[in-house]
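Below is one structure, written out as structure tokens, with a few remarks after it.
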Amino acid sequence: MESVSTSVNNPRSRYLRWLWIPFLPLLLPLLVLQLMALWNIYVLPSATVNYSRDAEHGLRYTWNVQDRIYRGRMSPGGATSDHGYLFPDAEFFMEFSWAAENGRWHCISIRPKWPNMHIFLDAEGNIDMGKGSGADVDRLKECQWDLAKP
74 MESVSTSVNN
84 PRSRYLRWLW
94 IPFLPLLLPL
104 LVLQLMALWN
114 IYVLPSATVN
124 YSRDAEHGLR
134 YTWNVQDRIY
144 RGRMSPGGAT
154 SDHGYLFPDA
164 EFFMEFSWAA
174 ENGRWHCISI
184 RPKWPNMHIF
194 LDAEGNIDMG
204 KGSGADVDRL
214 KECQWDLAKP
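Note that this note's numbering has the sequence shown beginning at 74, numbered continuously upward.
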């Protein structure tokens, strides 16, 4: 006699596959946050300021991007960055001001390059504009709104 096997659906498993539906409203905001983070990282042009490891003191800095202002401190060997706009208008500005501890203030106006441009500061806190520095000097100029010289 042959054995006959029948598969019986477990009624519990039928309901378990529908349990994820109430969590859909929670997943949508997470997806939106992830897309916003990826947009800021990969799409918008940004500028990164790198401080020399040979410096003895930290820096105080201020980013001013179209009146979006951030202040902070940077240790020797540290870096900071901010992003611009995808399609900047004629009034767009990005300024970076910094000073070594008990030193004079410097200020530069930056036109960020896509995807990222780098600015290197030497141990004294001055912009390294040498040929081998890798800095995009053609996109830097004196600040429009601040009188501190680079």
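Built from N, CA and C at the ideal position, the CB exists for glycine as well.
### Query
With distances taken between CB atoms, is the gap from M202 to S182 smaller than 8 Å?
no
### Message
Starting from M167, trace the beta strand (DSSP E) in both directions and tell me its first and last residue.
### Response
167-173
### Query
Can F193 and A208 be called in contact, C-beta distance under 8 Å?
yes
### Query
From E197 to A128, what distance separates their C-alpha atoms?
7 Å
### Message
Run through the DSSP bridge pairs and tell me what L132 is partnered with.
### Response
M147, A173
### Message
To the nearest angstrom, how far is the alpha carbon of L99 from that of L92?
### Response
13 Å
### Task
Please work out which residues of its chain come closer than 8 Å, Cβ to Cβ, to Y115, disregarding the five sequence neighbours upstream and downstream, and give them in chain order.
P188
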